[in-house]
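Numbering (the numbering used here), first residue to last: 296 to 855. Below is one structure; the comments refer to it alone.
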C-alpha cells in the first residue's frame, strides 16, 4: 500500500487545552478536521514519529472507532513503525499511561472528552501523551496548534484496513516499509501494575469478611464509561466482590445518557443507593477512568481534597510506598490545603501547581513527588503520569483493610488530628465566553488594587480581612518554565480563601469555577456541614465578583 497526500485547509481553534482538543462530535466529523489535527500531532513530534511505537485507545464514546481507523491510516503514512491499540479501541487514560511506560513507547493518543457527555450531539476529544506517559507539555501542544494554523496537506494510507475487534498482531507493507498494529487486551497490563502496587490478598479478605467480620459491601458505578471492563476484572473476578456490586459496567457510545462526571450531582443514582446504609463504600468514575468519587456508609461524602490528605497520611498501608519510599506531595492550586498539613507533619516537600496533570509529571520524573491530586476528583501517584480512579479506590480499600475503620471514621479521625479544611466548588457551566472573560478581567483589576489590602468583608457575623490577592503564577522547579494567569486567588488573614478560574475542559462556551476554603482547628466544630460553614465566604465572593450580573446565572450548575 502507498501513502497519499491529501490537500486540506486549516480550521480555526484547534488549540489543545489542559487535556487535549475537545469539541462537539459534529466538529470532529467535518471533512479533514480530525485528519488535520492528527497530522499536526505526528508532525509536531517528528522525527520521533518515524520508526516509533505509539499507543492508541479511548473511552469508547461516539466517534472513537472512526477516529482510531483514521489514526491507524495516518500513523502508517507518517512512518510510525508500530501501534499498540486497545481491543475495540478501549483503553482507560490511566491504562494508556501504564502501557506507554511499560513498553517504552514514544507516546500515545487518547481519545476522550473525559467527564463530558458523549453521543452524536455531545463531545469528543483527542489528547497526546509523551514518552513518560503523561499529557504533552505546553511546548508540544503549542507546536501542534501552530501546525494546525498553517496545514496545507495531510498524509494517509486510505486502503489500509485494520480490524480492532480481536487481539493479535497485524502486519502491513506501506511504501515498502513494514507497519505493525498490535491489538491488546484493554485490562491485562493495567491489572498487572495494580497487583504490583497493592496487597490484593488483604483487600480480598476485607471484601470476603470472616467469622468475626461481615463482608465489606461496595457499590461501584462505571457510569457506562471505560472503567467497566476494569471494574469487572479487578473488583469482581480478582477481589471476589459480588457481581451486583458493580453497575453501569458496559461502555456505551453515549454513556447510556449518563453524564460521566463522578460528583454528587451527576452520580446521583449512586448517592441514593448509598443513603440507606446497605453499602460500606461507594465509588464512581468518569468516562475515561481518571477521576473518582468516594462515598462512605449512608452516602458520607469524601471531598477530593480530604481524600488526598487521608491517603497521604496512610501510605504505609500500600506496599508500593513501603518499597519505593515517599518523596513529596503536590496539589493543584484550587485544591484544598488539607494535604499541606500532612506534608508538614511528615517533613515532606509540598508543591502547589496549576491545574493540569502535566505539571505533576516533571516533579515525578525528577524523583520529588510520590502522591498528588486535584479537587476535580483526580488522585494519583508516580506509578503512572495520569490521575487514576481505580487506583484511588484500591488505595482507600487498602487503608480500610489495614486500619479496620470505616470510611467515615477514618476521615473524622483525620480531622481530629489535623483540623478540617472546609472546601467547596461551584461550577457555572456553558456560560457565554465574552461576559466571563470580562468578569474575570474586571474582578482582577478590583481585587489586586493595593488600596484594598486590609479591607474588611462582612457577611452576617463573619468578618474577613483581605491579606493578599493575585492571579496565580507557577515557576516549574525542574525546567524553570513559567505558567501565568492560572486563577484569581483572594486570601484572607484567617487562612480562608476563594479562587475564581475559567475552566479549559469544556468543548464550548465557558465554565466559571468558584472555589472556597476555610480552616478550623481540631478543637472547633469540625463536623459542621461544609456548605453552611462556607456560605458567608461564597456570598462575599459572588457579591464582589459580580458573577450574576455578568453571566445572568443566579445558581451554579453543580456544587461539590
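Ideal placement from N, C-alpha and C gives every residue a C-beta, glycine not left out.
(request) Work out the CA separation of residue 424 and residue 900 for me, nearest whole Å. (result) Nothing can be reported for residue 900, as the shown portion of the chain is limited to 296 through 855.
(message) My assumption, with CB atoms under 8 Å, is that residue 524 sits in contact with residue 482. Please give the rounded CB distance.
(response) Taking the first residue of the chain shown as position 1, residue 524 is located at position 229. Taking the first residue of the chain shown as position 1, residue 482 is located at position 187. Contact holds; Cβ gap of about 5 Å.
(message) With a threshold of 8 Å on Cβ separation, who are the neighbours of residue 755 within its own chain once the five nearest residues in sequence on each side are excluded?
(response) As a first step, residue 755 must be located in the chain shown, where it is residue number 460. The beta carbon of residue 755 sits closer than 8 Å to those of 831, all from its chain and outside the five residues before and after it, given in chain order.
(message) Helix, strand or coil for residue 830? Go by DSSP, reduced to three states.
(response) Residue mapping note: residue 830 aligns to position 535 of the chain shown, counting from 1. Helix, per DSSP.
(request) Starting from the N-terminal side, write out each stretch of the alpha helix (DSSP H) that is 4 residues or longer and does not extend beyond the stretch 310 to 336. (result) Taking only runs of at least 4 residues, the alpha helix (DSSP H) segments lying wholly in the stretch 310 to 336 are 320 to 323.
(request) Assess, as a yes-or-no matter, whether the stretch 689 to 696 is touched by the stretch 643 to 655 under the definition of 3 or more beta carbon pairs within less than 8 Å. (result) Segments in contact, no.
(request) Report the residue from 647, 667 and 808 whose alpha carbon sits nearest the alpha carbon of residue 770. (result) In the chain shown, counting from the first residue as 1, residue 770 sits at position 475. That would be 647, whose Cα lies nearest to the Cα of residue 770.
(request) Classify residue 407 as buried or exposed, calling it buried when 16 or more other Cβ atoms lie within 10 Å of its own Cβ. (result) One-based indexing of the chain shown puts residue 407 at position 112. Buried: at least 16 other Cβ atoms inside 10 Å.
(request) Kindly indicate which residue of 666, 372, 493 and 787 has the alpha-carbon position closest to the one of residue 338. (result) Taking the first residue of the chain shown as position 1, residue 338 is located at position 43. Each of 666, 372, 493 and 787 was checked against the Cα of residue 338, and the nearest Cα belongs to 372.
(message) Among 490, 555 and 367, whose alpha-carbon lies nearest the alpha-carbon of residue 534?
(response) Looking up residue 534 in the chain shown gives position 239. Of the candidates 490, 555 and 367, the one whose C-alpha sits nearest the C-alpha of residue 534 is 490.
(request) Tell me whether residue 747 is buried or exposed, calling it buried when 16 or more other Cβ atoms sit within 10 Å of its Cβ. (result) The count along the chain shown starts at 1 and reaches residue 747 at position 452. With a threshold of 16 other beta carbon atoms within 10 Å, residue 747 falls short and is exposed.
(request) Identify every residue that forms a DSSP beta bridge with residue 763. (result) In the chain shown, the residue the question calls residue 763 occupies position 468. Paired residue(s): 786.
(request) Note down, one range per segment and in chain order, each beta strand (DSSP E) of at least 3 residues found wholly within the stretch 526 to 612. (result) Entirely contained in the stretch 526 to 612, the beta strand (DSSP E) runs reaching 3 residues are, in chain order, 576 to 580, 587 to 591 and 595 to 597.
(message) Under 9 Å, Cβ to Cβ, is there at least one residue of chain D near residue 437?
(response) Protein chains in the displayed structure number just one, and chain D is not present.
(request) Starting from the Cα of residue 594, find the closest Cα among 581, 660 and 560 and give me that residue. (result) The residue you call residue 594 lines up with position 299 of the chain shown. The option with the nearest alpha carbon to residue 594 is 560.
(request) Mind reading off the beta-carbon distance from residue 726 to residue 804? Whole number of angstroms is fine, and I expect it under 8 Å. (result) Here residue 726 is taken as the residue at index 431 of the chain shown, counted from 1. Here residue 804 is taken as the residue at index 509 of the chain shown, counted from 1. The Cβ separation is near 6 Å, so the contact holds.
(message) Just to confirm my understanding: we take residue 243, look at its own chain, exclude 5 residues before and 5 after, and list those with CB closer than 7 Å. What are they?
(response) Outside the modelled stretch of the chain, which goes from 296 to 855, sits residue 243, for which no answer is possible.
(message) Give the list of continuous alpha helix (DSSP H) stretches no shorter than 4 residues that lie fully inside the stretch 359 to 406.
(response) Fully enclosed alpha helix (DSSP H) runs of no fewer than 4 residues occupy 359 to 372 and 388 to 397 of the stretch 359 to 406, in order along the chain.
(message) Checking 9 Å against the spacing of the C-beta atoms, do residue 479 and residue 380 come in under that value?
(response) Residue 479 sits at position 184 when you count from the first residue of the chain shown. Residue 380 sits at position 85 when you count from the first residue of the chain shown. Yes. Within cutoff.
(request) Please say whether residue 370 and residue 421 have beta carbons closer to each other than 9 Å? (result) By 1-based counting over the chain shown, the position of residue 421 is 126. By 1-based counting over the chain shown, the position of residue 370 is 75. 9 Å or more divides the Cβ of residue 421 from the Cβ of residue 370.
(message) Going by DSSP in three states, residue 668 sits in which element: helix, strand or coil?
(response) Taking the chain shown and counting its residues from 1, one reaches residue 668 at position 373. Three-state DSSP puts residue 668 in a strand.
(request) Using only alpha-carbon positions, find the residue among 394, 599 and 387 that is nearest to residue 520. (result) Along the chain shown, one-based indexing puts residue 520 at 225. Ranking 394, 599 and 387 by Cα distance to residue 520 puts 387 first.
(request) Within its chain, find whatever has a CB closer than 7 Å to the CB of residue 556; leave out the 5 residues flanking it on each side and keep chain order. (result) As a first step, residue 556 is located in the chain shown; it is residue number 261 there, counting from the start. Excluding residues within five positions, the ones whose Cβ falls inside 7 Å are 410 and 581.
(request) Quick one: give me the first and last residue of the beta strand (DSSP E) that residue 674 is part of. (result) Here residue 674 corresponds to residue number 379 of the chain shown, with the count starting at 1. For residue 674, the enclosing beta strand (DSSP E) starts and ends at 673 to 676.
(request) Counting only the same chain and skipping the five closest in sequence on each side, list residues whose C-beta sits under 7 Å from that of residue 722. (result) Residue 722 sits at position 427 when you count from the first residue of the chain shown. Scanning its chain for C-beta atoms nearer than 7 Å, with the 5 sequence neighbours on each side dropped, one finds around residue 722 the residues 806, 808, 851, 852 and 853, in chain order.
(request) List the endpoints of the continuous alpha helix (DSSP H) containing residue 735. (result) What you label residue 735 is simply residue 440 of the chain shown in a count that begins at 1. For residue 735, the enclosing alpha helix (DSSP H) has its first and last residue at 728 to 742.
(message) Strictly by DSSP, which residues pair up with residue 424?
(response) Your numbering for residue 424 matches position 129 in the chain shown. Answer is 403 and 430, bridged to residue 424.
(request) Give the single residue among 428, 682 and 596 whose Cα lies nearest to the Cα of residue 704. (result) Locating residue 704 in the chain shown gives position 409, where the first residue counts as 1. Taking the Cα of residue 704 as reference, the smallest distance to any Cα among 428, 682 and 596 is reached at 596.
(request) Would you mind stating whether residue 413 and residue 357 have Cβ atoms separated by less than 9 Å? (result) Counted from its first residue, the chain shown places residue 413 at position 118. Counted from its first residue, the chain shown places residue 357 at position 62. Result yes, Cβ atoms of residue 413 and residue 357 sit closer than 9 Å.
(request) Kindly list the residues whose CB is nearer than 7 Å to the CB of residue 328, restricted to its own chain and excluding five residues on each side of it in sequence; keep chain order. (result) Mapped onto the chain shown, residue 328 falls at position 33. Taken in chain order, the residues that qualify are 306 and 322.
(request) Given a cut-off of 9 Å, decide if residue 696 and residue 498 are closer than it, judged by their beta-carbon atoms. (result) By 1-based counting over the chain shown, the position of residue 498 is 203. By 1-based counting over the chain shown, the position of residue 696 is 401. Yes, the Cβ-Cβ distance between residue 498 and residue 696 is below 9 Å.
(request) Can you tell me the Cβ-Cβ gap for residue 600 and residue 589, rounded? I've got them flagged as a contact below 8 Å. (result) The residue given as residue 600 occupies position 305 in the chain shown. The residue given as residue 589 occupies position 294 in the chain shown. About 12 Å; that fails the 8 Å criterion.
(message) Quick check on this structure: which residue in 448, 403, 397 and 384 has the alpha carbon closest to the alpha carbon of residue 301?
(response) Sequence index remark: in the chain shown, residue 301 carries index 6 (1-based). It is 448 whose Cα lies nearest to the Cα of residue 301.
(request) Give the C-beta separation of residue 681 and residue 392 to the nearest angstrom, bearing in mind that I take them to be a contact with Cβ-Cβ under 8 Å. (result) Taking the first residue of the chain shown as position 1, residue 681 is located at position 386. Taking the first residue of the chain shown as position 1, residue 392 is located at position 97. Contact between residue 681 and residue 392 is confirmed by a C-beta separation of about 4 Å, below the 8 Å threshold.
(request) In angstroms with no decimal places, state the Cα-to-Cα distance between residue 312 and residue 834. (result) Counting from one through the chain shown, the residue named residue 312 turns up at place 17. Counting from one through the chain shown, the residue named residue 834 turns up at place 539. Their Cα atoms are separated by approximately 30 Å.
(request) May I ask you to report which of helix, strand or coil DSSP gives residue 632? (result) Here residue 632 is taken as the residue at index 337 of the chain shown, counted from 1. Look at residue 632 here: in three-state DSSP terms it is coil, with no helix or strand label.
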